[in-house]
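Novice: 4 is the number of the first residue of the first sequence in the working numbering; add one for each residue after it. Positions of the beta carbon are idealized from the N, C-alpha and C atoms, including for glycine. Have a look at the structure that comes next, please.
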Amino acid sequence: MAELSGNDAFIDTDKLIFGIGQVQQITGVSGRQLRYWEEQGYIQSLNQKKGAAREYSLHTLFFIFHVTRFLDDGFTLQSAVDKAKQFDRQLPVLRQFLREQLHGVDFQDDRSILDFGYVDSSHTQRIYGIVKNGETSFEIKNVE
DNA sequence: TTTCTGACA
DNA sequence: TGTCAGAA
């Protein structure tokens, strides 16, 4: 039985690795830049062996993608990296919150309803997240 | 063929 | 940063 590290995901994302060529195709960042970014300590590749072909984790691939987004927004490389790091920090928290508080999703005619369960321990109100016409909102309903 | 390092414009 | 050379 394969062992899943990190989280309880069905796919062991730690085993999803990409070569520098793949990262170039996916993110649009040149190999020259990737090597430079690594040299500057902005990103990290898996095998730090000298002369060996670089490999990047899925996490790093995401990180690089986010950096390019902030770069496109006009940030300097340094601040784009900082922004990407901040974004990275949010992911575990967002995952945990959704995993524990999102009880289900209902699809109705014109809208989707996310069930976030009871508002508090009195169990008198339930809170829902609404997605309708590309807009989102909350709704609280009494459940006597 | 692809990637690596180092170097130059 | 792009690109080129010479070596894995």
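So what's Leu74 in DSSP terms, helix, strand or just coil?
Specialist: DSSP places Leu74 in helix when its eight states are reduced to three.
Novice: Does Ile20 come out as helix, strand or coil in the three-state DSSP assignment?
Specialist: If DSSP states are grouped into helix, strand and coil, Ile20 belongs with the strands.
Novice: Does Phe141 pass the burial test, meaning 16 or more other C-beta atoms within 10 Å, or should it be called exposed?
Specialist: Counting Cβ neighbours within 10 Å, Phe141 comes out exposed, since fewer than 16 surround it.
Novice: Taking DSSP as the reference, what is the three-state secondary structure of Leu117?
Specialist: Correct three-state label for Leu117: strand.
Novice: In the region 57-108, which residue ranges form an unbroken beta strand (DSSP E) of at least 3 residues, counting only runs that do not cross its ends?
Specialist: Listed in chain order, the complete beta strand (DSSP E) runs (minimum 3 residues) inside the region 57-108 are 58-60.
Novice: With respect to the alpha helix (DSSP H) encompassing Glu235, which residues constitute its N-terminal and C-terminal limits?
Specialist: Missing from the structure shown is residue 235; the chain here goes from 4 to 147 and no further.
Novice: Find out if the Cβ-Cβ distance for the pair Glu1, Asn50 is shorter than 7 Å.
Specialist: The requested residue 1 is not part of the displayed model; the chain covers only 4 to 147.
Novice: Judging by CA-CA distance, which residue of Asn145, Gln47, Ser124, Ser60 is the nearest neighbour of Asp15?
Specialist: Asp15 has its Cα closest to that of Ser60, out of Asn145, Gln47, Ser124, Ser60.
Novice: Taking contact to mean 3 or more Cβ pairs, one atom from each stretch, closer than 8 Å, check whether the region 85-92 and the region 106-126 are in contact.
Specialist: No, the region 85-92 does not touch the region 106-126.
Novice: Cutting at 7 Å between CB atoms, please list the residues of its own chain near Ile20, excluding the five before and the five after it.
Specialist: Closer than 7 Å at Cβ, skipping near neighbours: Leu49, Glu58, Tyr59, Ser60.
Novice: Per DSSP, which one or two residues make a beta bridge with Val134?
Specialist: Paired residue(s): Ser115, Thr139.
Novice: Around the Cβ of Val108, are there at least 16 other Cβ atoms within 10 angstroms (buried) or fewer (exposed)?
Specialist: Val108 comes out exposed.
Novice: Look at the alpha carbon of Thr79 and the alpha carbon of Lys18, and state the distance between them as a whole number of angstroms.
Specialist: Their Cα atoms are separated by approximately 31 Å.
Novice: Is it right to say Val146 is buried, meaning 16 or more other beta carbons lie within 10 angstroms of its own, or is it exposed?
Specialist: Answer is exposed; the Cβ neighbour count stays below 16.
Novice: Do you know how far the Cα of Ile67 is from the Cα of Ser8?
Specialist: With a pLDDT of 47 at Ser8, under the threshold of 50, the predicted position of this residue should be treated as unreliable, though the coordinate-derived value follows. Taking the straight line from one Cα to the other gives about 22 Å.
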